[in-house]
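Undergrad: If you scroll down you'll find the structure; I have some questions about it.
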Amino acid sequence: MLIPVILAGGTGSRLWPLSRELYPKQFLNVNGTHSMLQNTLARLQGLEHGAPLLICNEEHRFIVAEQMRAGGFQHAGIILEPMPKNTAPAITLAALEAIQQEHDPLLLVMPADQLIDNHLAFHRAVSLGESSAMQGKLVTFGIVPTKAETGYGYIQRGEPAEEFSDNYAVNKFVEKPNSDLAQCYVDSGDYYWNSGMFLFRASAFIAELERLAPEMLSACQQSLNTSTSDMEFIRLDKEAFSRCPSNSIDYAIMEKTSLATVVPLDADWNDIGSWSALWEVSHKDAQENVTTGDVLAINSTENYLHAENKLVATVGVNNLVVVETKDAILVADKDQIQDVKMVVNDLKKMGRSEHVHHREVYRPWGKYDTIDSGSRDNVKRITVKPGEKLSIQMHHHRSEHWIVVSGTALVTKGDETSLITEDESTYIPLGTIHALENPGKIPLEMIEVQTGSYLSEDDIVRYEDRYGRIDNPPALD
Numbered sequence: 001m002l003i004p005v006i007l008a009g010g011t012g013s014r015l016w017p018l019s020r021e022l023y024p025k026q027f028l029n030v031n032g033t034h035s036m037l038q039n040t041l042a043r044l045q046g047l048e049h050g051a052p053l054l055i056c057n058e059e060h061r062f063i064v065a066e067q068m069r070a071g072g073f074q075h076a077g078i079i080l081e082p083m084p085k086n087t088a089p090a091i092t093l094a095a096l097e098a099i100q101q102e103h104d105p106l107l108l109v110m111p112a113d114q115l116i117d118n119h120l121a122f123h124r125a126v127s128l129g130e131s132s133a134m135q136g137k138l139v140t141f142g143i144v145p146t147k148a149e150t151g152y153g154y155i156q157r158g159e160p161a162e163e164f165s166d167n168y169a170v171n172k173f174v175e176k177p178n179s180d181l182a183q184c185y186v187d188s189g190d191y192y193w194n195s196g197m198f199l200f201r202a203s204a205f206i207a208e209l210e211r212l213a214p215e216m217l218s219a220c221q222q223s224l225n226t227s228t229s230d231m232e233f234i235r236l237d238k239e240a241f242s243r244c245p246s247n248s249i250d251y252a253i254m255e256k257t258s259l260a261t262v263v264p265l266d267a268d269w270n271d272i273g274s275w276s277a278l279w280e281v282s283h284k285d286a287q288e289n290v291t292t293g294d295v296l297a298i299n300s301t302e303n304y305l306h307a308e309n310k311l312v313a314t315v316g317v318n319n320l321v322v323v324e325t326k327d328a329i330l331v332a333d334k335d336q337i338q339d340v341k342m343v344v345n346d347l348k349k350m351g352r353s354e355h356v357h358h359r360e361v362y363r364p365w366g367k368y369d370t371i372d373s374g375s376r377d378n379v380k381r382i383t384v385k386p387g388e389k390l391s392i393q394m395h396h397h398r399s400e401h402w403i404v405v406s407g408t409a410l411v412t413k414g415d416e417t418s419l420i421t422e423d424e425s426t427y428i429p430l431g432t433i434h435a436l437e438n439p440g441k442i443p444l445e446m447i448e449v450q451t452g453s454y455l456s457e458d459d460i461v462r463y464e465d466r467y468g469r470i471d472n473p474p475a476l477d
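So the sequence shown is numbered by the UniProt record's numbering: it starts at 1 and just counts up by one.
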C-alpha cells in the first residue's frame, strides 16, 4: 500500500503579501483554479494509493480541512504540530501513524507547496522508485536541472542502484552553491536539484531514525502515543513534542544513511520559492507581463502585476513585481525579490500584523474582514457559512452591534434566542454571554460594530465551541 504524506507547513514569507503566517503559500491559488495543496493531492490521481496523511501547523488546521472538503479529497488524518520542528519530525510522525493504520506501507512524502505540471512523468518516477523502496532503500527524487540555479540544494548521483533502472545511489547532498559551482554541477550531468520529495517503507525510515536520531524518534513516539483525536485532527502531546529536536530529513537521515537512492524527475517542477519563480511559470501577454485582476500596463514589460481590490496601473516600468492586497502593496525589482523576507522581518520587529494575517481572516465557521478601526471602535464584515455557529462567548471590554445584510442569524443573548433577518439589527451589551449561528441555507452576511476600551481578539471567554477551541483557543476567533 502506498500512502501519500503531505507536508503542509510553512511560514508565509516568500510570497508576501499574498502569503502570511496564518495563510502560507500552499493555501494560495497561484496558477489555476485550485490551491497548491489541492494541486498536490490532484496529481496523485492515476496512482494506486491509500488515503493521504497530512501534517500541518495547528493554526492552519481549519484551512487544511476546508480545502480538503472543497476539493473532494479524502484523508486518513490531519496531524497537528503544536510548534514547527522542520521536516524530519513531521515525517517521523506520519511514519508512526501510518504503521498503526496500515502495518508497513510505502510512504510518498510530498511538500504541499510545489508545482508539477507533467503528472505522467511524476507517476513514472514514483513507479521507478517503488522497486527500490520495496527493497528497503530511502528514495529521493532529483529534479533534472534546467539552469544553474543557486537557490536549490543539489544531489550528486552515483552508480545505478539497480540494473536497467533509473535508480541511482546517492554520492552526496550539497548545499546551495554559488553561480560558478552551480554551472559546473549542471554541466556534469551528475547533479539534480533537491526536490524534498521522498519514497520509502515506513519501517525502513523508522529503523534509520532509531540508528541516527533516536532522541527525535522517542519524542515523536511519546507525543503520538499520548495524542488525542479531535474531529478529523490528531492533536499531539505538546509537552512531549516540545522535547523533539528540530531538524530536516536531509540533515537528520538522508546525508548520513547508506540507503539513499535518487530517481531523476523531469516533470516541469517548480517550488514557487519567489514571485520571480511564479512569473517564470505563469502565462504571459505579448509584453511578457503576468497580470491578475484589474491591471492596466502601458509601455511595461516583463512584470508580475497582481491586483485584488483596486486598479493597478503601470507606465514605462520593467522587471517589477507589484502585488496589491486589501492591507498591503508590494513593489519590488524582480531580481531582488528574494529580499521580500526582509520586509517580513521588519514587520515582526515593528510589532505589526501584516505578516501574520490578511485583513480578511478565515475561520472554520466562515470569515471576517476588518473594514475600519479606531481607538475605541472596530467595524467588521462577517460571513457565516450555512449551518455553522460561532462559539458561545463573552467579552469583558467591548459591546457589539450586529446588522444583518443578507441571510438569517440565530442570535443568543443570555437566556434569550431570536431570529434576526435582513435589514434588522441587535445589540450585545458588554459582559453578555452570546452566540451567533446561521440556521439557513445561504451564507449569512452581517456588519459588526465593536465599541469599547479594548478591542483585540484575545478579549474572548469561550464557554462552548464546536471547533475545539475552549482549552486551546487561537489568537483570533
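Backbone N, C-alpha and C define an ideal beta-carbon position, used for all residues, glycine too.
1) When the Cα of residue 480 is compared with those of Val-344, Pro-386, Asn-270, Thr-11, which residue comes out closest?
2) Would Asp-372 pass as a contact of Val-361 if the rule is Cβ separation under 7 Å?
3) List, from N- to C-terminal side, the alpha helix (DSSP H) runs of 4 residues or more that fit wholly inside the segment 195 to 234.
4) For the segment 124 to 144 and the segment 222 to 234, state whether three or more C-beta atom pairs, one from each stretch, are separated by less than 8 Å.
5) Just to confirm before moving on: does the CB-CB distance between Gln-393 and Arg-462 stay below 7 Å?
6) Examine the Cβ distances between the segment 344 to 359 and the segment 313 to 327 and report whether three or more of them are shorter than 8 Å.
7) Using DSSP with H/G/I as helix, E/B as strand and the rest coil, what is Cys-244?
8) Just to confirm my understanding: we take Gly-468, look at its own chain, exclude 5 residues before and 5 after, and list those with CB closer than 6 Å. What are they?
9) Which runs of the alpha helix (DSSP H), 4 residues or longer, sit entirely within the UniProt domain "MannoseP isomerase/GMP-like beta-helix" (293 to 347)?
10) Give the single residue among Ala-435, Ser-19, Asn-194, Pro-386 whose Cα lies nearest to the Cα of His-395.
11) Go through its chain and collect everything with a Cβ distance to Asp-369's Cβ below 7 Å, but skip five positions before and after it.
12) I'd like the ranges of any alpha helix (DSSP H) spanning at least 4 consecutive residues and lying wholly in the segment 72 to 148.
13) On the three-state DSSP scale, how would you describe Glu-416?
14) In the DSSP assignment, the beta strand (DSSP E) including Gln-156 goes from what residue to what residue?
15) What does the Cβ neighbour count give for Thr-421, buried or exposed, with the cut at 16 atoms within 10 Å?
16) Check the C-beta distance from Arg-43 over to Ile-116 and give it rounded, since I have them as a contact under 8 Å.
17) Exposed or buried, what is Ala-286 when buried is set at 16 or more other beta-carbons lying within 10 Å of its beta-carbon?
18) Note down the Cα distance separating Thr-261 from Lys-334, rounded to an integer number of angstroms.
19) Note down, in chain order, each residue of its chain lying with its Cβ closer than 8 Å to the Cβ of Leu-430, except the 5 sequence neighbours on either side.
20) Hey, quick one: how far does the alpha helix (DSSP H) through Met-394 stretch, first residue to last?
21) Assign Gly-10 to buried or exposed, taking buried as 16 or more other Cβ atoms, counted over all protein chains shown, within 10 Å of its Cβ.
22) What residue does the alpha helix (DSSP H) around Trp-279 start on, and which one ends it?
23) Drop a sphere of 10 angstroms on the beta-carbon of Thr-314, count the other beta-carbons inside from all chains shown, and report buried for 16 or more, exposed for fewer.
TA: With the structure as the only source:
1) Residue coverage of the chain in this structure runs from 1 to 477, which leaves residue 480 outside it and unanswerable.
2) no
3) 202 to 212, 214 to 225
4) no
5) yes
6) Verdict: yes, contact present.
7) Of the three classes helix, strand and coil, the one that applies to Cys-244 here is coil, per DSSP.
8) Asp-230
9) none
10) Ala-435
11) Arg-359, Glu-360, Lys-380, Arg-381
12) 87 to 102, 119 to 134
13) strand
14) Per DSSP, Gln-156 belongs to the beta strand (DSSP E) from 154 to 160.
15) exposed
16) 6 Å
17) Looking at its Cβ environment, which holds fewer than 16 other Cβ atoms inside 10 Å, Ala-286 is exposed.
18) 36 Å
19) So the qualifying residues of the chain are His-395, His-396, His-397, Arg-398, Ser-399, Gly-452.
20) Premise fails: Met-394 lies in the beta strand (DSSP E), 392 to 394, not in any alpha helix (DSSP H).
21) Taking all protein chains in view, the Cβ of Gly-10 is crowded by 16 or more other Cβ atoms within 10 Å, so the residue is classified as buried.
22) 275 to 281 is the span of the alpha helix (DSSP H), which, as asked, contains Trp-279.
23) Thr-314 is buried by the Cβ-count criterion.
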